[in-house]
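Numbering (my numbering), first residue to last: 253 to 768. A virtual CB, placed ideally from N, CA and C, is assigned to each residue, including glycine. Keep in mind that this is a model prediction, so the values were computed, not measured.
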Amino acid sequence: MEKIRRIAVDAKKITGKNSRTALRCISAARAGLLLRSGHQKHLVQAVRECGFEYLRFHGIFQDDMGVYREDAEGRALYSWQYLDEVYDFLLENNIRPFVVFDFMPEALASGSTTVYWERANVTPPTSYEKWGDLIYETVSHFTGRYGREEVAGWYFEVWNEPDNPPFFTGTMEDYLRLYEVTARAVKRVSEGYRVGGPAVAGDISWIERLIQHCTERKVPLDFISAHNYSAKSFREEPEPGNIPGIPVWNPGPSWALGNLCYDPWGLEQAVRAVKEAVENSPRPELEIHFTEWGLTYDYWDPLRDSYHAASYLLSRLHTVEGMVNSISYCEVSDVFEEDGPPTGAFHGGFGLISLQGIRKPAYFAYRYLSQLGDKRLEVGGQDGTACKDSQGIQILTWNDIVRQDMENKKYYCLEHPARPAGRLQVTAAGVEPGQYLLQVYCTGCQKNDPYTMYMRMGRPNSLSKRQAELLNMFAGDSPLQVKLLDISEGDECLLLDIMENENDVFLIKLTKLDSF
Numbered sequence: 253m254e255k256i257r258r259i260a261v262d263a264k265k266i267t268g269k270n271s272r273t274a275l276r277c278i279s280a281a282r283a284g285l286l287l288r289s290g291h292q293k294h295l296v297q298a299v300r301e302c303g304f305e306y307l308r309f310h311g312i313f314q315d316d317m318g319v320y321r322e323d324a325e326g327r328a329l330y331s332w333q334y335l336d337e338v339y340d341f342l343l344e345n346n347i348r349p350f351v352v353f354d355f356m357p358e359a360l361a362s363g364s365t366t367v368y369w370e371r372a373n374v375t376p377p378t379s380y381e382k383w384g385d386l387i388y389e390t391v392s393h394f395t396g397r398y399g400r401e402e403v404a405g406w407y408f409e410v411w412n413e414p415d416n417p418p419f420f421t422g423t424m425e426d427y428l429r430l431y432e433v434t435a436r437a438v439k440r441v442s443e444g445y446r447v448g449g450p451a452v453a454g455d456i457s458w459i460e461r462l463i464q465h466c467t468e469r470k471v472p473l474d475f476i477s478a479h480n481y482s483a484k485s486f487r488e489e490p491e492p493g494n495i496p497g498i499p500v501w502n503p504g505p506s507w508a509l510g511n512l513c514y515d516p517w518g519l520e521q522a523v524r525a526v527k528e529a530v531e532n533s534p535r536p537e538l539e540i541h542f543t544e545w546g547l548t549y550d551y552w553d554p555l556r557d558s559y560h561a562a563s564y565l566l567s568r569l570h571t572v573e574g575m576v577n578s579i580s581y582c583e584v585s586d587v588f589e590e591d592g593p594p595t596g597a598f599h600g601g602f603g604l605i606s607l608q609g610i611r612k613p614a615y616f617a618y619r620y621l622s623q624l625g626d627k628r629l630e631v632g633g634q635d636g637t638a639c640k641d642s643q644g645i646q647i648l649t650w651n652d653i654v655r656q657d658m659e660n661k662k663y664y665c666l667e668h669p670a671r672p673a674g675r676l677q678v679t680a681a682g683v684e685p686g687q688y689l690l691q692v693y694c695t696g697c698q699k700n701d702p703y704t705m706y707m708r709m710g711r712p713n714s715l716s717k718r719q720a721e722l723l724n725m726f727a728g729d730s731p732l733q734v735k736l737l738d739i740s741e742g743d744e745c746l747l748l749d750i751m752e753n754e755n756d757v758f759l760i761k762l763t764k765l766d767s768f
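Given below as C-alpha cells:
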C-alpha cells in the first residue's frame with residue numbers, strides 16, 4: 253500500500269501571529285573578521301535574502317580591535333576606529349547589534365589563560381572599576397555616534413558561557429560581580445537600554461543564581477540568555493532497554509569533540525529547561541534569548557554541509573516555536589577562525605554560507621522561513637507550517653528522518669542518496685477566489701545541495717573559480733514547479749502531489765496575481 257503524507261491548510265483558520273523567532277538573530281565569529289570584505293558580503297546576502305534582524309559576535313574588546321589600552325601610568329586609552337567600522341557597516345545594512353561584552357583586554361586581564369586560535373583572554377579583570385569604566389565609555393560612545401533611540405533597540409549581553417571552563421576562569425561569584433558592574437554601567441548611560449546574561453552553555457543553576465542575585469541586590473536584568481548545540485556523544489553498543497541496532501544517544505561533556513552525532517531532542521529539552529527556570533523565578537517576565545544554537549559544536553562537522561541539515565533545522569525550530577524571543581544560529585559564514593583558518597572548501601564549518609559564498613542546504617531553511625507571512629494558519633498533518641499575508645498563503649513542510657549509524661564525521665563525509673519516503677499531498681481550502689501563481693521550491697538530496705556535487709567532484713581541497721561557479725549553480729534555488737491556478741469560491745486546491753524523499757524540504761507559495 254502506498255504511503256501518503258497529507259498536509260491540509262485552511263486559509264480562513266488563523267491561529268495567531270508568526271513569531272519569526274528563528275530570524276530575529278544570527279551569529280558571526282569575532283568583531284575583527286567583520287572587517288573583511290568576504291565576510292561582509294556573506295552577511296549582506298543573508299540579511300537581504302533571509303531577513304535576519306540582529307547580529308551577535310564576540311571580541312569587541314579583544315586586542316585586535318584596539319578599543320582598550322593603558323599608558324605607562326595605567327590610565328585608559330580608548331580607540332574607536334575599528335569598532336566604528338564594524339558597527340557602521342551593520343547599521344548601513346539594516347542589521348542591529350546584539351552586543352556581547354567579551355573577552356578581556358590584555359591590559360585589564362588578571363591572568364594569561366586564553367581560548368581560540370586568536371587567543372582571546374578569558375580571565376576576570378584586575379580592576380572591576382576599570383572594567384565598569386570601559387563598559388560605560390563604550391556604551392556612551394555608541395550613544396553619541398548612533399543616538400539614544402537607536403541604541404535602545406540593541407541588546408547588551410554580559411560575557412559568553414561563564415559556566416564553561418574554557419571561556420571563563422572565574423567562579424560563579426566572580427561572574428555575578430562582573431555582571432553587576434557591567435549592568436550598572438550600561439544603565440548609567442540610559443535606563444532604557446537592555447542588558448542581560450549569563451549566556452550559559454547548559455548549567456541552569458547559573459541562570460537561577462543570576463536572577464536571585466539581581467533580585468536581591470536590585471541589579472538591572474532585562475533578559476536571560478543561553479546556548480544549545482544539538483549534538484551528543486555516540487557509541488554503538490546498546491544499553492539495557494535499548495533496541496539492538498538503534499544508535500544510543502548520550503549527553504557528552506561540553507567541548508568534548510570527536511565522536512558527536514546529531515541529537516534530535518537537544519534544542520527542545522534545553523529551551524524547556526531554561527523556560528521553566530525563568531517562569532519559576534522571581535522574574536518570570538524576563539525575555540529569553542538563545543544567543544547560540546546549532547546542530548553540533550564540533551568545529552569540523554560535515555553534517556552542517558549536508559542536505560540533511562535543512563530538514564533537521566526546521567524540525568527542531570518547529571518544536572520551540574513561540575517559546576523564546578530569539579534563537580541565533582551559529583554561524584552565518586564559514587569565515588570563522590576559532591580553531592584556526594579553514595583549511596579547505598566544505599570542511600564542515602559552522603556557516604550557512606561557504607568560504608566561496610556558496611549557500612549550503614541549511615541556508616535555505618532560513619530563506620524559506622523568511623518567506624512565510626505574518627499570520628499563522630491551522631495545519632492538518634505532520635511536519636508542516638503555514639502562514640498568510642496580503643499577497644497569499646505560504647506552506648513549508650519537511651521530511652525529517654535521522655538514520656545515522658555512526659558519528660557525524662564518518663557518516664556525513666560519505667554520500668547518502670535519499671531514500672523514497674512516499675507520496676506527499678498538500679491541499680489548501682478557504683482561499684479567496686481569484687487567479688494565483690503557484691511556486692514550489694525544494695531543498696534536499698541533489699536539490700540546493702552543492703555538497704553532494706562537491707563530493708562527486710572528488711572533494712578538492714581548493715576550488716577553482718570555475719568549480720565554485722558550478723557549485724553555486726547547484727544552490728540556485730530555481731522553482732521545482734510554477735503554474736497558474738484559477739480558484740473559485742469553496743474550492744479545495746491540490747497544491748502539490750509528489751513522490752518525496754527523506755529529508756526533503758518544500759516551500760509552496762500561492763500568490764494572488766493582482767498583488768505583484
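Query                                                                                                                                                                                  : Result
Express the C-alpha separation of residue 572 and residue 523 in angstroms, rounding to a whole number.                                                                                : 7 Å
If we ignore side chains and look at the alpha-carbon of each, how far apart do residue 272 and residue 294 end up?                                                                    : 21 Å
Relative to the C-alpha of residue 737, which candidate in 714, 685, 330, 707 has its C-alpha closest?                                                                                 : 685
With a 10 Å radius around its C-beta and 16 neighbouring C-beta atoms as the bar for buried, classify residue 595 as buried or exposed.                                                : exposed
The beta strand (DSSP E) spanning residue 734 covers which residue range?                                                                                                              : 733-739
Could you tell me whether the Cβ atoms of residue 301 and residue 276 are closer together than 8 Å?                                                                                    : no
Can you confirm whether the stretch 669-683 touches the stretch 578-593 when touching is taken to mean that 3 or more C-beta pairs between the two stretches lie within less than 8 Å? : no
Would the stretch 363-374 and the stretch 424-432 be scored as touching if the rule is three or more Cβ pairs under 8 Å?                                                               : no
Ends of the alpha helix (DSSP H) at residue 775?                                                                                                                                       : With the chain running from 253 to 768 in the structure shown, residue 775 is simply not present.
Quick check: the stretch 436-443 against the stretch 338-349, are at least 3 beta-carbon pairs closer than 8 Å?                                                                        : no
Keeping to the same chain, check which residues put their C-beta closer than 6 Å to that of residue 316; ignore five residues upstream and five downstream.                            : 284
Can you pull the DSSP bridge partners for residue 480?                                                                                                                                 : 545
Just to confirm before moving on: does the CB-CB distance between residue 282 and residue 333 stay below 8 Å?                                                                          : no
Mind pulling the beta strand (DSSP E) runs of 3 or more residues that sit fully within the stretch 263-332?                                                                            : 277-282, 306-310, 320-322, 328-330
Is it right to say residue 493 is buried, meaning 16 or more other beta carbons lie within 10 angstroms of its own, or is it exposed?                                                  : Residue placement at residue 493 is flagged as unreliable, the pLDDT there being 33, under the threshold of 50; the coordinate-derived value follows with that caveat. Flag for residue 493 reads exposed.
By how many angstroms is the C-alpha of residue 484 removed from the C-alpha of residue 635?                                                                                           : 23 Å
Can you list, in chain order, the stretches of the beta strand (DSSP E) that have 3 or more residues and sit fully within the stretch 349-417?                                         : 407-410
Mapping the DSSP letters down to three states, classify residue 610 as helix, strand or coil.                                                                                          : coil
Do the stretch 534-543 and the stretch 471-481 make contact, defined as three or more Cβ pairs closer than 8 Å?                                                                        : yes
Going by CA-CA distance only, name the one from 642, 372, 406, 404 that's closest to residue 412.                                                                                      : 372
List the whole-angstrom C-beta distance separating residue 657 from residue 641, where the pair is believed to meet the contact cut-off of C-beta under 8 Å.                           : Not a contact, Cβ separation roughly 42 Å.
So residue 347 and residue 307 are supposed to be a Cβ contact under 8 Å. How far apart are they, rounded?                                                                             : 5 Å
If you run the structure through DSSP and keep just helix, strand and coil, what is residue 539?                                                                                       : strand
Beta strand (DSSP E) containing residue 580: first to last residue?                                                                                                                    : 578-581
Who pairs with residue 450 in a beta bridge, going by DSSP?                                                                                                                            : 477
Quick check: the Cα distance between residue 449 and residue 375, rounded to an integer number of angstroms?                                                                           : 17 Å
Tell me which same chain residues have a C-beta within less than 6 Å of the C-beta of residue 327, skipping the five on either side of it?                                             : none
The beta strand (DSSP E) with residue 525 in it runs from where to where?                                                                                                              : Where residue 525 is concerned, there is no enclosing beta strand (DSSP E), although the alpha helix (DSSP H) it sits in stretches over 518-531.
Counting along the chain, where does the beta strand (DSSP E) carrying residue 702 start and finish?                                                                                   : Run containing residue 702: none in the beta strand (DSSP E); it sits in the alpha helix (DSSP H), 702-708.
Between which two residues does the beta strand (DSSP E) harbouring residue 551 extend?                                                                                                : Per DSSP, residue 551 belongs to no beta strand (DSSP E) and is neither H nor E.
Can you list, in chain order, the residues of its chain whose CB lies under 6 Å from that of residue 488, leaving out five sequence neighbours each side?                              : Only weak support is given to the placement of residue 488: the predicted model assigns it a pLDDT of 40, under 50, and the value that follows is read from those uncertain coordinates. Once the five neighbours on either side are set aside, residue 488 has no close Cβ partner at all.
Between the C-alpha atoms of residue 703 and residue 553, what's the straight-line distance to the nearest angstrom?                                                                   : 13 Å
Just verifying my parser: in three-state terms, what is the DSSP assignment at residue 624?                                                                                            : coil
Would you grab the beta carbon distance between residue 651 and residue 520 for me? Rounded to a whole angstrom, and I think it's under 8 Å.                                           : Residue 651 to residue 520, Cβ: 19 Å. No contact.
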